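Colleague: Going by our numbering, the first residue of the sequence shown is number 95, and it counts up by one from there. Just so you know, even glycine gets a beta-carbon here, dropped at the ideal spot from N, CA and C. As the structure is a computational prediction, the values presented were derived from the model and not from experiment.
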Amino acid sequence: MSKTIQMIIGVILVLVIMFCSISVCHDIGKSLKLDVTDQRLYTLSDGTKAILAKLHQPVTVKLYYAETAALKGPDQIRFFNNYYQYVKSLLEEYVSIANGMIDFQVIDPRPYSESEEKALQHGLRKFPITEEENFFFGLVVQTQFGIEKVIPFFSPDRQNFLEYDISYLIDTAITRQKTKIGIMSSLPVLGDDVTGYMAQMMRMQGQQPKPSWAFVKQLKKQYEVTAIATDVEEIKEVDILLVIHPKELPEKTLFAIDQFVLKGGRTIVCVDPHCYADPPDQKSAMLSGVAPAQNSDLNPLFKTWGVEMPGNTFAGDRALALKATLMPNQRPAKLIGFLNLTAQCFNPTSVITADLNQVRFLFSGVLQEVADPEKEEAERTIEQIPLLSTTNKGSSWSISSSYELLVPNPSQLMERFIDGDSPVVMGSLITGKFKSSFPDGIEIEISKGESTDQPEKAPSEKRKITGLTEATEECVVAIFTDVDFISDLVAYQDTFLGKIVVGDNSTLLLNTIDDLRGSSELISIRSRGNYNRPFKVVDAIEQKAERETAAEEEKINAEIAGFQDELNAIISSAKEGEEEIIGSSILQKKKELELKIHKAQRELRHVKMKRRERIESLGNVLRNINMLMVPVIILIIAIVLGIRRSARKRHYISHASDS
């Protein structure tokens, strides 16, 4: 066999070995991943991993992306190609961690195909590109029990919450029970819960049943809503407890709320230092000389949870104050207690508030953190995540008596207000392992009709109730220091079509319920970084190049402007005289100025060209570095191995000669 044939066979074998090695390394390398992004964009959070670990049933995840249609679309559609790659890569990470419990499918719905029909049936949003092509970009999660959850469209505005949205779909899909919401309130938020015969009897007696608040009607469309009495001894068979205006609750009710939270029950509390939805009996207040009570709080529990709401203290901010009319025939005036919270007031890293635009609070209280002097900062297990706050110039203000707010004077309140230098918090999400506010339990009186273990004792005897002294799992409580923000007075507006939503007040409450109804693992998932990372080095060099040429450009532009003004002056003076007297000197001067302008413009183009060349040279350097990096690394490894091999060979020869 000739050397040429041997060389050809050797090259072929090397190529075969190389391609086989690439194939093997590709399969093995799927499990070997390294996330080198600045904000760990492709690394799933511990909360998501815990949700995936709970998967005991197969879940089908279908990513619909009209990739073929996107290639034919305008730039706005082609932009989604990069976002699609990010979503796909993140979902592949879900698959790798789910231990075979996720069947991931990528579907490109083509016109008139069954996949396009399925996409429309799932409720995915479509965007027409051509007469036939439609653009889809959504997600469908299905379980074997027929549960289906959908993201109709992956909006770039939500990309910081991409992991949360995907994990939310999976978490809620495997939870088949309908969420039960219990509402405890000192106000008639549920209205007169009478139907049928009782409602008819009330109308016959000239009484009209009071309707429930509009937000309760919204809740009933999505959840199972039930009333919880304000004198309850135990709260059970409820997923989320909504406490609204807890006014002078008895100790046993406070204990019931305390135990519900410690057992892992999700809770939303709306308290208020002065609730306009709780109108006082002014006549009886005047006769008794006692200020009417329109406030509510849960400070006995709040302080154990690491926060408190001071009494008769309100949040204020001149920049957020709205105009209001409090009395008939009165001109609207800015009211420091009526605040219109805007985007700068919402926590952008929380899924509850990130997408809100406008929320109105009426005489909201202030939520303050209570320091625990017995514990170091590192030892504290309770975390307070602010959701709503004023601007940096917001501050708190106080009144001596609730009489001041029966008929408030807007101008006086505004004059008394002093700007602050840090935001005032009006809503927070509190998480952690709480301790009980009643570690020794409580004693309650035994009612006459209650059976006891000791029947010989008198009915006035008390019995002790005990419970958990500390939570065994993560507790979650959302607190808002206003009740009026969900009332029909502030959150809705009456029209001839009925009540319509005003701003995002009701959305804030629905977002909070939506977040809390998920598992504790889901709540722990925070905002992710942005996959669209700026080229900071390139931007810095471009800015430096622009700064270096800015002075030169400005000087040349000033010269051009001066020459242009001089030329205009010559032309205008010539027009004012007679055409015949335009001498050759004037024409010569005009020609000289035009030449100077052209020269200056040429210099300006040269300066801009130098700046562009500098930026392009940077791009060439970066490209060359990227292209040469791998060969250089391989060359260095080869040199190191060659030196090592040569050293070992010399060592072997010297050892053999010695022997």
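Counting C-beta neighbours from all protein chains within 10 Å, is the total for residue 114 16 or more, i.e. buried, or is it exposed?
Modeller: As a first step, residue 114 is located in the sequence shown; it is residue number 20 there, counting from the start. Exposed is the call here.
Colleague: Looking at the structure shown, is residue 370 part of a helix, part of a strand, or coil, going by DSSP?
Modeller: The count along the sequence shown starts at 1 and reaches residue 370 at position 276. DSSP places residue 370 in coil when its eight states are reduced to three.
Colleague: What are the boundary residues of the alpha helix (DSSP H) that residue 164 is part of?
Modeller: In the sequence shown, residue 164 corresponds to position 70, counting from 1. 161-166 is the span of the alpha helix (DSSP H), which, as asked, contains residue 164.
Colleague: On a CA-only basis, which of 274, 557 and 168 is nearest residue 222? Give me that one, please.
Modeller: Here residue 222 corresponds to residue number 128 of the sequence shown, with the count starting at 1. Selected option, being the one with the closest Cα: 168.
Colleague: Is there contact here, the stretch 585-600 with the stretch 561-576, by at least three beta-carbon pairs under 8 Å?
Modeller: With a cut-off of 8 Å, the stretch 561-576 and the stretch 585-600 do not count as touching, because too few Cβ pairs lie within range.
Colleague: Checking the sheet assignment: what are the DSSP bridge partners for residue 585?
Modeller: Numbered from 1 along the sequence shown, position 491 holds the residue referred to as residue 585. Looking at the DSSP assignment, residue 585 forms no beta bridge with any residue, so it has no partner.
Colleague: Please report the straight-line C-alpha distance between residue 650 and residue 663, rounded to a whole angstrom.
Modeller: Translated into the one-based positions of the sequence shown, residue 650 becomes position 556. Translated into the one-based positions of the sequence shown, residue 663 becomes position 569. Going by the C-alpha atoms only, they are around 20 Å apart.
Colleague: For residue 732, does the three-state DSSP call read helix, strand or coil?
Modeller: If you number the sequence shown from 1, residue 732 lands on position 638. Of the three classes helix, strand and coil, the one that applies to residue 732 here is helix, per DSSP.
Colleague: Does residue 158 come out as helix, strand or coil in the three-state DSSP assignment?
Modeller: Here residue 158 refers to the residue found at position 64 of the sequence shown. Strand, per DSSP.
Colleague: Compare the Cα-Cα distances from residue 271 to each of 731, 655 and 611 and report the closest residue.
Modeller: Taking the sequence shown and counting its residues from 1, one reaches residue 271 at position 177. Nearest option by C-alpha distance: 611.
Colleague: So, helix, strand or coil for residue 197, using DSSP?
Modeller: Numbered from its first residue, the sequence shown carries residue 197 at position 103. DSSP places residue 197 in strand when its eight states are reduced to three.
Colleague: Please name the residue in 461, 499, 481 and 704 whose C-alpha comes closest to that of residue 429.
Modeller: Here residue 429 is taken as the residue at index 335 of the sequence shown, counted from 1. Residue 499 is the option with its Cα nearest to residue 429.
Colleague: Work out the CA separation of residue 572 and residue 390 for me, nearest whole Å.
Modeller: On the sequence shown, position 296 is the one that residue 390 refers to. On the sequence shown, position 478 is the one that residue 572 refers to. Computed Cα separation, rounded: 16 Å.
Colleague: Over what stretch of residues does the alpha helix (DSSP H) that includes residue 603 continue unbroken?
Modeller: Along the sequence shown, read from residue 1 onward, the residue named residue 603 stands at position 509. Unbroken alpha helix (DSSP H) run through residue 603: 599-610.
Colleague: What separation, rounded to the nearest whole angstrom, lies between the Cα atoms of residue 546 and residue 556?
Modeller: Position 452 of the sequence shown, counted from the first residue, corresponds to residue 546. Position 462 of the sequence shown, counted from the first residue, corresponds to residue 556. Since pLDDT at residue 546 reaches only 49, below the 50 mark, its modelled position is unreliable, and no value is offered.
Colleague: Please specify which runs of the alpha helix (DSSP H), each continuous and at least 4 residues long, are wholly inside the stretch 186-238, giving them in chain order.
Modeller: For the stretch 186-238, whole alpha helix (DSSP H) runs of length 4 or above, ordered along the chain, are 208-215.
Colleague: So, is residue 722 buried or exposed, given that buried needs 16 or more other C-beta atoms within 10 angstroms?
Modeller: Numbered from its first residue, the sequence shown carries residue 722 at position 628. Exposed, since its Cβ has fewer than 16 Cβ neighbours within 10 Å.
Colleague: Once DSSP output is grouped into helix, strand and coil, what is the label at residue 410?
Modeller: In the sequence shown, the residue the question calls residue 410 occupies position 316. Here residue 410 sits in strand by DSSP.
Colleague: For residue 155, which residues in the same chain have their Cβ closer than 6 Å to its Cβ, ignoring the five residues on either side in sequence?
Modeller: What you label residue 155 is simply residue 61 of the sequence shown in a count that begins at 1. For residue 155, where only same-chain residues beyond five positions count, the Cβ hits under 6 Å are 196, 198 and 235.
Colleague: Between which two residues does the alpha helix (DSSP H) carrying residue 396 extend?
Modeller: Walking along the sequence shown from the start, residue 396 turns up at place 302. Segment 393-396, the alpha helix (DSSP H) holding residue 396.
Colleague: Cutting at 7 Å between CB atoms, please list the residues of its own chain near residue 252, excluding the five before and the five after it.
Modeller: Within the sequence shown, the letter at position 158 stands for residue 252. Here the set comprises 259.
Colleague: Determine, using beta carbons only, whether residue 606 and residue 461 come nearer to each other than 8 Å.
Modeller: Position 512 of the sequence shown, counting from 1, holds the residue named residue 606. Position 367 of the sequence shown, counting from 1, holds the residue named residue 461. No, these two residues do not count as a Cβ contact at 8 Å.
Colleague: Could you tell me which of 149, 457 and 145 sits nearest to residue 371, measuring between CA atoms?
Modeller: To locate residue 371, count along the sequence shown from 1; it is residue 277. The option with the nearest alpha carbon to residue 371 is 457.
Colleague: Does the beta-carbon of residue 615 have 16 or more other beta-carbons within 10 angstroms, so that it is buried, or is it exposed?
Modeller: Reading the sequence shown from its first residue, position 521 is the one you call residue 615. That one is buried.
Colleague: Which two residues bound the contiguous beta strand (DSSP E) that contains residue 428?
Modeller: Reading the sequence shown from its first residue, position 334 is the one you call residue 428. 427-435 is the span of the beta strand (DSSP E), which, as asked, contains residue 428.
Colleague: Taking the CB atoms as reference points, tell me whether residue 263 and residue 233 lie closer together than 8 Å.
Modeller: Here the question's residue 263 lines up with position 169 in the sequence shown. Here the question's residue 233 lines up with position 139 in the sequence shown. Yes.
Colleague: Residue 220 and residue 230 look like a contact to me (Cβ under 8 Å); what is the Cβ gap, rounded to whole Å?
Modeller: Translated into positions along the sequence shown, residue 220 becomes position 126. Translated into positions along the sequence shown, residue 230 becomes position 136. Yes, residue 220 and residue 230 are in contact; Cβ-Cβ is about 6 Å, under 8 Å.
Colleague: Could you give the C-beta distance for residue 478 and residue 355, rounded to a whole number, given that I count them as a contact under 8 Å?
Modeller: Start at 1 with the first residue of the sequence shown, and residue 478 comes out as number 384. Start at 1 with the first residue of the sequence shown, and residue 355 comes out as number 261. Not really, about 15 Å apart at Cβ, beyond 8 Å.
Colleague: Within 10 angstroms of its Cβ, does residue 339 collect 16 or more other Cβ (buried), or is it exposed?
Modeller: Along the sequence shown, one-based indexing puts residue 339 at 245. Buried, by the Cβ-count rule.
Colleague: From residue 539 to residue 345, what does the alpha carbon distance come to, in whole angstroms?
Modeller: Position 445 of the sequence shown, counted from the start, is the residue given in the question as residue 539. Position 251 of the sequence shown, counted from the start, is the residue given in the question as residue 345. Those two C-alpha atoms are separated by around 11 Å.
Colleague: So, are the CB atoms of residue 439 and residue 483 less than 8 Å apart?
Modeller: Numbered from its first residue, the sequence shown carries residue 439 at position 345. Numbered from its first residue, the sequence shown carries residue 483 at position 389. Cβ atoms of residue 439 and residue 483: closer than 8 Å.
Colleague: Under the rule that 16 or more other beta-carbon atoms within 10 Å means buried, what is residue 403, buried or exposed?
Modeller: Within the sequence shown, the letter at position 309 stands for residue 403. Counting Cβ neighbours within 10 Å, residue 403 comes out buried, since at least 16 surround it.
Colleague: Hey, residue 399 and residue 476: beta-carbon distance below 8 Å or not?
Modeller: Here residue 399 is taken as the residue at index 305 of the sequence shown, counted from 1. Here residue 476 is taken as the residue at index 382 of the sequence shown, counted from 1. It is a contact, given that the beta carbons lie within the stated cut-off.
Colleague: Looking only at C-alpha atoms, which of 341, 351 and 359 sits nearest to residue 365?
Modeller: By one-based count along the sequence shown, residue 365 stands at place 271. Among 341, 351 and 359, the Cα nearest to that of residue 365 belongs to 341.
Colleague: Which residues in the same chain as residue 210 place their Cβ atom closer than 8 Å to its Cβ, once the five residues preceding and following it in sequence are excluded?
Modeller: In the sequence shown, the residue the question calls residue 210 occupies position 116. Excluding positions up to five away in sequence, the list reads 203, 204, 228 and 230.
Colleague: Alpha carbon to alpha carbon, what distance is there between residue 213 and residue 360?
Modeller: Within the sequence shown, the letter at position 266 stands for residue 360. Within the sequence shown, the letter at position 119 stands for residue 213. Their backbone Cα atoms lie some 35 Å apart in a straight line.
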